[in-house]
Amino acid sequence: MTPMTEEQFNDCLSRVSEQRREKVLKYKFQAGREQSLKAYMLLLQLLKEEYGITEPPVFRELENGKPVIVGHEDIHFNMSHCKYAVACAVSNEPVGIDVEMIKENVKDELARYVLSDSELEDLTPLKFTRLWTMKESVVKLTGRGITGKEQLRPLLDDFHKGKSPWQIITKDFPEKKYVVSICYKAK
61 MTPMTEEQFN DCLSRVSEQR REKVLKYKFQ AGREQSLKAY MLLLQLLKEE
111 YGITEPPVFR ELENGKPVIV GHEDIHFNMS HCKYAVACAV SNEPVGIDVE
161 MIKENVKDEL ARYVLSDSEL EDLTPLKFTR LWTMKESVVK LTGRGITGKE
211 QLRPLLDDFH KGKSPWQIIT KDFPEKKYVV SICYKAK
């Protein structure tokens, strides 16, 4: 992802709501600020293209912490960003998206914490990142959060068995070293 010039950053920042500006500026490092701002700008673009919304949205949080757009609670969205990429999804149904850099050095302890025994088989950095983004996209769709491995490890069990209420699409970008997964309700 190409870094923004100061002028580009300030121009984009001037086009967002005060609420989002505060969130962007809370990031300690400029790279995080830019990633957050780029994800939000992508959301603005998608809202304009798909729903004709031209004003910067104002958000409120549901009880579970998941944000909704005030006045457009029927529009579901989700954003994600990492060092090299941003991702955003909008839909008329709940949606979750996650983008992550391929984790080259996965610690065994972390893998055992987040993956089920069957998912640990033949584990590679790419496979770990795929599974991680898939689980994150499900968590973000549901808005329920994860409180421990008891919830995280079996999260995809029904999906692996073809019995999940969700569909998950995962796309690898090995040349860019990231993976993105999007989760939505199965029809």
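My numbering numbers the first residue of the sequence shown as 61 and each following residue consecutively.
Built from N, CA and C at the ideal position, the CB exists for glycine as well.
Nothing here was measured: the structure is a model prediction, and the numbers come from that model.
Measure how close the beta-carbons of Y87 and I162 come, nearest whole angstrom, since I'm counting them as under 8 Å.
-> Not really, about 23 Å apart at Cβ, beyond 8 Å.
Anyone know if the C-beta pair for N124 and G203 falls short of 7 Å?
-> Yes, the pair counts as a contact, with Cβ atoms nearer than the cut-off.
Does the beta-carbon of E94 have 16 or more other beta-carbons within 10 angstroms, so that it is buried, or is it exposed?
-> By the neighbour-count rule (16 or more Cβ atoms within 10 Å), E94 is buried.
Mind checking which residues open and close the beta strand (DSSP E) that includes H136?
-> Where H136 is concerned, the enclosing beta strand (DSSP E) stretches over H136 to C142.
What are the start and end residues of each continuous alpha helix (DSSP H) run of 4 or more residues lying completely inside the segment 122-189, in chain order?
-> Runs found: 168-174 and 177-180.
For T184, count neighbouring Cβ atoms within 10 angstroms of its own Cβ and tell me buried if that reaches 16, exposed if not.
-> Its Cβ having fewer than 16 others within 10 Å, T184 is exposed.
Local Cβ density within 10 Å of E67, reported as buried at 16 or more and exposed below that = Classification of E67: exposed, given that the 10 Å Cβ count is below 16.
What is the DSSP secondary structure of Y48, reduced to helix, strand or coil?
-> The structure shown does not extend to residue 48, since the chain is modelled only from 61 through 247, so no value can be given for it.
Using DSSP bridges, identify the partner residues of Q261.
-> With the chain running from 61 to 247 in the structure shown, residue 261 is simply not present.
Taking P63 as the reference, which of L215, E235, Y144 and I135 has the closest Cα?
-> Ranked by how close their Cα comes to the Cα of P63, the residues L215, E235, Y144 and I135 have Y144 in first place.
Hey, could you find the ends of the alpha helix (DSSP H) E66 is sitting in?
-> Boundaries of the alpha helix (DSSP H) around E66: E66 to S74.
Straight-line gap, L97 to C72 (C-alpha atoms, nearest Å) | Near 8 Å, if we compare the C-alpha coordinates of C72 and L97.
With DSSP as the reference, label F219 as helix, strand or coil.
-> Residue state for F219 is assigned as helix, using DSSP reduced to three classes.
Beta-carbon proximity check, A91 vs V240, cutoff 7 Å | Not a contact, by the Cβ cut-off of 7 Å.
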